[in-house]
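The number in the working numbering is simply the position in the sequence shown, starting from 1, with 119 added. A virtual CB, placed ideally from N, CA and C, is assigned to each residue, including glycine. Note that the structure is a prediction, hence the values are computed from the model and not measured.
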Amino acid sequence: MAKKGKKYAEALEKIDRTKNYQLKEAVDLLKNISFESFDASVELAFRLNLNPRKAEQNLRGATVLPNGTGKTKTVLVFAKGDKAKEAEAAGADYVGDEELINKVMKGWTEFDTVVATPDMMSQVGKLGRTLGPKGLMPNPKTGTVTQDVTKAVEEIKAGKVEYRVDKVGNLHLIVGKMSFSSDKLAENIKSFYETVRSLRPHTVKGVYIKNIAIASTMSPGIKIDPSSIS
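Given below as structure tokens:
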């Protein structure tokens, strides 16, 4: 593991590692210890009592954060005819069918999110090796395979984010930027917390949410008391 710098060590000294902070207290502390020279992202992390090898516990989906993430995503839509026109009108950055699929097959990936209409998926499936490893393959569970391309594009532009538990049941999500006000960060955290809580599989026994923490791009993590969020 790379050695942490002096500023990281100073930030760590300001955190009580044994304490679960109240939500507002945690957000204010994160702002206080921030030392990045850029507008860093704020990441929310959950340690969940899940076994992702069980299908019903392999949580995956998408949600729209009330205040967005601070980043405008570049959206590519695979669609034809009227659906292609709808995607363009909704603000998609790139829209097309076979020609665009061939361009991606040749290695072009200058986009953040991919949306496709159902009729395009037989052809888009050829891009699995290119898009799959990057987490960009359209999926009905995240609302990126849909006939309603207008809604899909508008939600993504408004701050829709995808989430998926990792192989040990952890969940990570960008919930904003350090330039966000404390209130806006707290609102985004509350929104996603409620989403996670609502997704509790009925097969989970005991404590579902074991741990919650926030951190900026380069800062140490700060634990949050779940009871202070709801």
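Specify the secondary structure class of residue i as computed by DSSP and reduced to three states.
| i | result |
| --- | --- |
| Phe157 | coil |
| Ser349 | coil |
| Phe311 | helix |
| Met120 | For Met120, the predicted model reports a pLDDT of 39, less than 50, meaning its position is unreliable; a value from the coordinates is still stated below. Reduced to three states, the DSSP call for Met120 is coil. |
| Thr232 | strand |
| Thr261 | helix |
| Thr182 | strand |
| Lys279 | strand |
| Val194 | strand |
| Leu142 | helix |
| Asp344 | coil |
Give a yes or no on whether 9 Å exceeds the smallest Cβ distance from residue i to chain B.
| i | result |
| --- | --- |
| Ala209 | Absent from the structure: chain B. Only one protein chain is present. |
How would you call residue i, buried or exposed, if buried means at least 16 neighbouring beta carbons within 10 angstroms?
| i | result |
| --- | --- |
| Pro185 | exposed |
| Phe110 | In the structure displayed, the chain extends from 120 to 349; residue 110 sits before or after that span and is not available. |
| Asn307 | buried |
| Met224 | exposed |
| Ala121 | With a pLDDT of 44 at Ala121, under the threshold of 50, the modelled position of that residue is not reliable, and the figure given next carries that caveat. By the 10 Å Cβ count, Ala121 comes out exposed. |
| Ser300 | exposed |
| Thr261 | buried |
| Asp135 | exposed |
| Thr410 | Missing from the structure shown is residue 410; the chain here goes from 120 to 349 and no further. |
Give the range of the alpha helix (DSSP H) segment to which residue i is assigned.
| i | result |
| --- | --- |
| Arg248 | 247-250 |
| Glu129 | 125-132 |
| Glu205 | 200-209 |
| Asn330 | Unbroken run through Asn330 is the beta strand (DSSP E), 328-335; no alpha helix (DSSP H). |
| Val243 | 240-243 |
Compare the Cα-Cα distances from residue i to each of the options and report the closest residue.
| i | options | result |
| --- | --- | --- |
| Thr354 | Val196, Thr336, Lys133 | Residue 354 is absent from the model: the chain starts at 120 and stops at 349. |
| Glu205 | Asp267, Lys342, Lys276 | Asp267 |
| Ser317 | Ile134, Pro259, Thr182 | Thr182 |
| Gly288 | Asn139, Gly254, Phe165, Ile343 | Phe165 |
| Phe157 | Ser298, Asn330, Ile293, Thr314 | Ser298 |
| Ala203 | Ala174, Lys222, Ala271, Asn151 | Ala271 |
| Glu281 | Val233, Ser335, Ser347 | Val233 |
| Lys253 | Asp238, Pro259, Arg319, Gly226 | Gly226 |
| Ile293 | Pro259, Thr191, Ser346 | Thr191 |
Between which two residues does the beta strand (DSSP E) carrying residue i extend?
| i | result |
| --- | --- |
| Gly215 | 213-215 |
| His291 | 289-296 |
Taking 7 Å as the limit between beta carbons, can you name the residues of its chain near residue i, skipping five residues before and five after?
| i | result |
| --- | --- |
| Val284 | Leu167, Leu169, Pro171, Asn177, Leu178, Leu290 |
| Tyr140 | Leu148, Ile341, Lys342, Ile343, Asp344 |
Below 6 Å CB to CB, which residues in the same chain sit around residue i once its five sequence neighbours on both sides are set aside?
| i | result |
| --- | --- |
| Ala235 | Phe197, Val243, Pro257, Val264 |
| Val326 | Asn168 |
| Lys279 | Ala181, Val183 |
| Thr193 | Asp212, Phe230, Asp231 |
| Lys123 | none |
Excluding the 5 residues preceding and the 5 following residue i in the sequence, name in chain order all residues of the same chain whose CB lies nearer than 8 Å to its CB.
| i | result |
| --- | --- |
| Tyr127 | Phe154, Met337, Ser338, Pro339 |
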